[in-house]
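The structure under discussion appears below in the form of structure tokens.
Residue numbers (the UniProt record's numbering): 1 to 129.
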């Protein structure tokens, strides 16, 4: 157990943080006027109970630009369908992506990859958003 914890810590320390990014996975394109925005296919709040307490520390919101206004803009993007849904850049880094999918699906908007929301008959379900 201690080995796993130390492995995760070394991955987190080695991963570069940067500006938050538009959601690249589990996304759908939504047309807003003449622009196309990236929004999650499954509302990340639906799988929030799956996130571990460490998610806030590992996948911290930096903002875009990286400052207090950028952090506020990222958080607001989660409820504003007229802008891209932003996630922490660490969610997309190869060294941390598997960890993000398994332990922080809500924080990284990867709910569609969890077995609870990744169902074969999903295309027949009504749209939630």
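For every residue, glycine included, the Cβ atom is placed at its ideal position computed from N, Cα and C.
These numbers were taken from a predicted model, which means no experiment stands behind them.
Residue range 27-32 is occupied by the beta strand (DSSP E) that includes residue 28.
Rounded to the nearest angstrom, the gap between the Cα atoms of residue 102 and residue 114 is 8 angstroms. About 6 angstroms separates the CB atoms of residue 92 and residue 21; that is less than 8 angstroms, so the two are in contact. Under the three-state reduction of DSSP output, residue 40 falls in the strand class. By the CB criterion at 8 angstroms, residue 46 and residue 112 fall outside the cutoff. For residue 56 and residue 62, the gap between their C-alpha atoms comes out near 11 angstroms. When the Cα atoms are used, residue 30 and residue 39 turn out to be separated by approximately 7 angstroms. When the Cα atoms are used, residue 96 and residue 59 turn out to be separated by approximately 9 angstroms. Pairing residue 24 with residue 66, the inter-Cα distance amounts to about 19 angstroms. Per DSSP, the beta-bridge partners of residue 35 are 32. Given a length threshold of 4 residues, each whole run of the alpha helix (DSSP H) inside the segment 89-114 is given here in chain order: 94-103. For residue 64, the closest of 35, 79 and 84 by C-alpha to C-alpha distance is 84.
Judged by DSSP secondary structure, residue 74 falls within the alpha helix (DSSP H) whose first and last residues are 68-77.
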